[in-house]
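Q:
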Amino acid sequence: MVSKRVMKELKALEDGLEYCSATMIDDDIFHWQVFLIGPEDSPYEGGKFRLDIKIPRDFPLSPPKIRFKTKIYHPNIHLTGDICINILQSQWNATWSIESLLSGIRSLLTDANSDDPYNARAALYYRENREKFDEIARWWTKKYATF
3 MVSKRVMKEL
13 KALEDGLEYC
23 SATMIDDDIF
33 HWQVFLIGPE
43 DSPYEGGKFR
53 LDIKIPRDFP
63 LSPPKIRFKT
73 KIYHPNIHLT
83 GDICINILQS
93 QWNATWSIES
103 LLSGIRSLLT
113 DANSDDPYNA
123 RAALYYRENR
133 EKFDEIARWW
143 TKKYATF
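The number in the numbering used here is simply the position in the sequence shown, starting from 1, with 2 added.
1) From the DSSP output, which residues share a beta bridge with D54?
2) How about K67 and L53: do their beta carbons lie closer than 8 Å?
3) Is D118 helix, strand or coil by DSSP?
4) Under a three-way DSSP split, which group does L19 fall into?
5) Leaving out five residues on either side along the sequence, give the residues of the same chain with a beta carbon under 6 Å from the beta carbon of T25.
6) What ranges does the alpha helix (DSSP H) occupy inside the stretch 85-147, keeping only unbroken runs of at least 4 residues that lie completely in it?
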């Protein structure tokens with residue numbers, strides 16, 4: 003039953019979201035690679051970010067583990083790629099789809115929560131010197147997320 007839901011979710015992503023694509027890793031339905039396109043009018047515009055998704059066997063009761071594999075400068079994303087977003091933790095609900103989760107992560111790229119950071123320096127710049135933050139984030143995007 004779980005693998006049926008997971009296959010349906012993967013198919014939905016393969017069939018077309020303009021801002022991301024997904025494939026299985028090593029033919030494992032519970033391990034995906036996703037490429038997320040940076041939102042327009044953001045310091046991530048033009049970037050293609052690789053994410054690793056590990057789906058638990060009890061999905062959707064538990065959320066997937068998602069990590070950025072491409073380096074990104076963001077207040078809510080740790081240098082290890084871990085993401086600080088409520089929908090992956092306390093606000094997870096079994097009705098969430100992976101597509102909606104990816105949409106939420108993409109929205110985070112344009113609307114960071116600097117009050118709950120994983121990257122304190124990025125959060126400080128985001129709050130107190132947005133121009134400097136954007137400059138650094140654009141540089142990281144150009145260096146690590148453009149092909």
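We treat Cβ as the ideally placed atom computed from N, Cα and C, and that holds for glycine.
Values in this document were obtained by computation on a predicted structure and should not be read as measured data.
A: Let me spell this out:
1) D54 is bridged to Q35, R69.
2) K67 places its beta carbon 8 Å or farther from that of L53.
3) Coil at D118, not helix or strand.
4) Shown here, L19 sits in a strand according to DSSP, grouped into three states.
5) The residues are Q35.
6) The stretch 85-147 contains these whole alpha helix (DSSP H) runs: 100-112, 122-130, 132-146.
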